[in-house]
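In the numbering used here, the protein residues as written are 1061 to 1284.
Glycine residues also receive a C-beta, built at the ideal position from the N, C-alpha and C atoms.
Here is the structure we will look at, set down as C-alpha cells.
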C-alpha cells in the first residue's frame, strides 16, 4: 500500500513515499525552502523520483502535533485537501511518536522531546522491545521538575531523543543516553500505514493540529 508521509511540525519539512515497508522516495529541506506553500512541489518531486503520480497514492499521513503553528497548519491543510480530492484515507501522526520511531530497534525506554514554550517541553514516553514501539504516556507538556520526577520512576536505560539541545544538559541521570533525532517523513508514512491497515483513519473534515498549549500537564497519564 503506497502511503505519502508529510512531516511539517519542525524546522525541517519533509515528504516520503513508502509501499508497505519499502521506502520508494523521500525529500527533506530546511531553512528558507522549508515553507509549507512549497509542499505540493516537494510531493511532486518525490512522486516523480519514485515513478508514480498523485493518483497512485493510496493513503496519507501527516504530523498533527505538537509543533510549530504555521508548519502544522500548512501540512495538515495540504494532506486534507489531497485526501478529499483523491478520495483516500488520511491519518494524523504524533510528532513525538514519529521521533521515537527512529529508535524502535533499541531495548529500553524512550523519552521523545521537542521544545514547547519558556521552560516547558513537549514529551512522551515509549517502550521498545523486540523491535516494537509501545506508547507509555500520552503526549504532554512538562517542566524539568516534572520530567525528573517521572524519569526517576523508570528503571533501566532511557533514550532521550528528539530536539534535545535545551534539555540534555539539565538531565544528569546516569541511565540516560542522548540521541538527537527528528520526525522523519518516512516514519510518518510508516506509522500512518500501520494505522490505516487497522482502520484507524481520521475524518479530513475535522482533522486539526494540536499545539503545546492545547495539551496541558493535566492530560499527563503515565503508565510507565
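Practice task
Compute the Euclidean distance between the alpha carbons of residue 1283 and residue 1176, then round it to the nearest angstrom.
Solution key: For residue 1283, the predicted model reports a pLDDT of 49, less than 50, meaning its position is unreliable; a value from the coordinates is still stated below. Whole-angstrom Cα-Cα distance: 22 Å.
Exercise for the section: With a floor of 3 residues, list each beta strand (DSSP E) that falls wholly inside the stretch 1213 to 1274, ordered by position along the chain. Expected result: 1218 to 1222, 1236 to 1240
Exercise for the section: Indicate whether residue 1136 and residue 1122 have their beta-carbon atoms separated by less than 8 Å. Expected result: yes
Exercise for the section: Give the DSSP-derived three-state secondary structure of residue 1169 in the structure shown. Expected result: strand
Exercise for the section: List the DSSP bridge partners of residue 1102. Expected result: For residue 1102, which the question treats as bridged, DSSP gives no partner whatsoever.
Problem - As assigned by DSSP and simplified to three states, the class of residue 1203 - result: coil
Practice task
Spell out the partners DSSP gives residue 1194 in its beta bridges.
Solution key: 1187
Practice task
Leaving out five residues on either side along the sequence, give the residues of the same chain with a beta carbon under 6 Å from the beta carbon of residue 1220.
Solution key: 1171, 1236, 1238
Exercise for the section: Tell me residue 1078's beta-bridge partners as DSSP assigns them. Expected result: 1063, 1083
Handout entry: Terminal residues of the alpha helix (DSSP H) in which residue 1135 lies
Key = 1129 to 1146
Problem - Beta-carbon spacing of residue 1192, residue 1164 below 8 Å - result: yes
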